[in-house]
Amino acid sequence: MSKILITRHVGTHAMSILESSGYELIVNPQDSEPSREWVLNQIADPHVGAACIMHSQPSDKVDQEFIDACNENLKCVSTFSVGYGESATPSNIADRSDHINVKAAHARGIKIGHTPGVLNDAGRLWHQPREAWRAAVDRLLAFTNRTEPPTIIYTSSRERENQSAIDADFTKRWGVDVKRVEKDVLASQADVLIVLCDLNPSTKDIVNKDFLAKMKPTSILVNVARRLNPARSLAQG
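Here it is in structure tokens:
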């Protein structure tokens, strides 16, 4: 009987379809990424005719090593992702967005499949949390002096490689200067400071006595964060 390799459990509904296909399934027994060696050993089995892989798992990268390990009867590789990247150079082996060497696969007669639409709902929800603070900025700007437009400064857990592009997008959206600054600069320069972060080990006591001491005497502190308690720091002086 032909076999299908599945490198990660893909959920009850999808697994039930695969189980009713009449093929023998080889399923990664762990609820985690398998070893690269395990994957290569499985695709070498002459009875394995197809492989279902995960885009986010480096163990599943369809590079030349993967193609060379495939038995001659393996005719299809399907990736659990909206699309697939094409890579044939060693320099970006670690780049998960380029996870399939399409040319090498086609040269071996292996068809490539993917799952368009699988992340539509998740992709929509990814942007949803941002809408609350964007709406807050929209409302605040509506009451500012347009002859002397304000500057929006903010901080985040880390500065990203494309931080300048991010700030430029924000600036274009609101028509005022927007830039990321470090926490101490935020404290010393903000006239209205809104705390939006959640409570976690990295944000615990982020607005503490030292932070408040750096703020302007006329500054306004607005706390809409869940479980953060600047009031305690205010009470301490």
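In terms of this note's numbering, the sequence shown is residues 1442 to 1678. Ideal Cβ positions, reconstructed from N, Cα and C, are used throughout, including at glycine. All of these numbers come straight from a predicted model, not from anything done at the bench.
Test: residue i CB closer than 8 Å to a CB of chain D
{"i": "R1477", "result": "Chain labels in this structure do not include chain D; a single protein chain is all it has."}
For residue j and residue i, the rounded distance between their alpha carbons
{"i": "I1534", "j": "H1540", "result": "Model confidence at I1534 stands at a pLDDT of 38, short of 50, so the residue's coordinates are unreliable and nothing is read from them."}
{"i": "P1475", "j": "C1511", "result": "17 Å"}
{"i": "K1613", "j": "E1600", "result": "20 Å"}
{"i": "P1642", "j": "S1519", "result": "39 Å"}
{"i": "I1661", "j": "V1578", "result": "15 Å"}
{"i": "G1550", "j": "E1623", "result": "53 Å"}
{"i": "D1625", "j": "D1608", "result": "19 Å"}
{"i": "L1640", "j": "A1666", "result": "8 Å"}
{"i": "G1558", "j": "M1495", "result": "15 Å"}
{"i": "G1554", "j": "Y1464", "result": "18 Å"}
{"i": "T1659", "j": "W1615", "result": "25 Å"}
{"i": "T1690", "j": "S1497", "result": "Here the chain covers residues 1442 to 1678 and nothing more, so residue 1690 does not appear."}
{"i": "M1456", "j": "F1521", "result": "13 Å"}
{"i": "S1532", "j": "P1499", "result": "Because S1532 sits at a pLDDT of 40, beneath the cut-off of 50, its placement in the model cannot be relied upon, and the following sentence gives the value as read from the coordinates. Between S1532 and P1499, the C-alpha separation is close to 15 Å."}
{"i": "E1460", "j": "A1492", "result": "14 Å"}
Inter-residue CB distance, residue i and residue j (contact presumed, cutoff 8 Å)
{"i": "K1444", "j": "D1486", "result": "7 Å"}
{"i": "V1489", "j": "I1508", "result": "Between I1508 and V1489 the Cβ distance is about 14 Å, and since that is not below 8 Å, they are no contact."}
{"i": "T1585", "j": "L1627", "result": "About 18 Å; that fails the 8 Å criterion."}
Identity of the residues DSSP links to residue i by a beta bridge
{"i": "E1465", "result": "K1444"}
{"i": "I1553", "result": "V1518"}
{"i": "N1664", "result": "V1636"}
{"i": "I1494", "result": "T1520"}
Practice task
Check whether the stretch 1607-1620 touches the stretch 1637-1650, taking contact to mean three or more Cβ pairs, one atom from each stretch, closer than 8 Å.
Solution key: Judged by Cβ distances under 8 Å, the stretch 1607-1620 makes no contact with the stretch 1637-1650, as fewer than three pairs qualify.
Exercise for the section: Please determine if the stretch 1600-1607 and the stretch 1624-1635 are in contact, where contact requires at least 3 C-beta pairs separated by less than 8 Å. Expected result: Contact between the stretch 1600-1607 and the stretch 1624-1635 is absent, with fewer than three C-beta pairs closer than 8 Å.
Handout entry: Residue ranges of each alpha helix (DSSP H) within the stretch 1588-1655, 4 or longer
Key = Runs of the alpha helix (DSSP H) inside the stretch 1588-1655: 1604-1615, 1624-1630, 1650-1655.
Handout entry: Inter-stretch contact at 8 Å, needing at least 3 Cβ pairs: the stretch 1443-1452 / the stretch 1470-1487
Key = Enough Cβ pairs lie closer than 8 Å, so yes.
Problem - Three CB pairs or more closer than 8 Å across the stretch 1541-1552 and the stretch 1498-1514 - result: Output reads yes: the stretch 1498-1514 touches the stretch 1541-1552.
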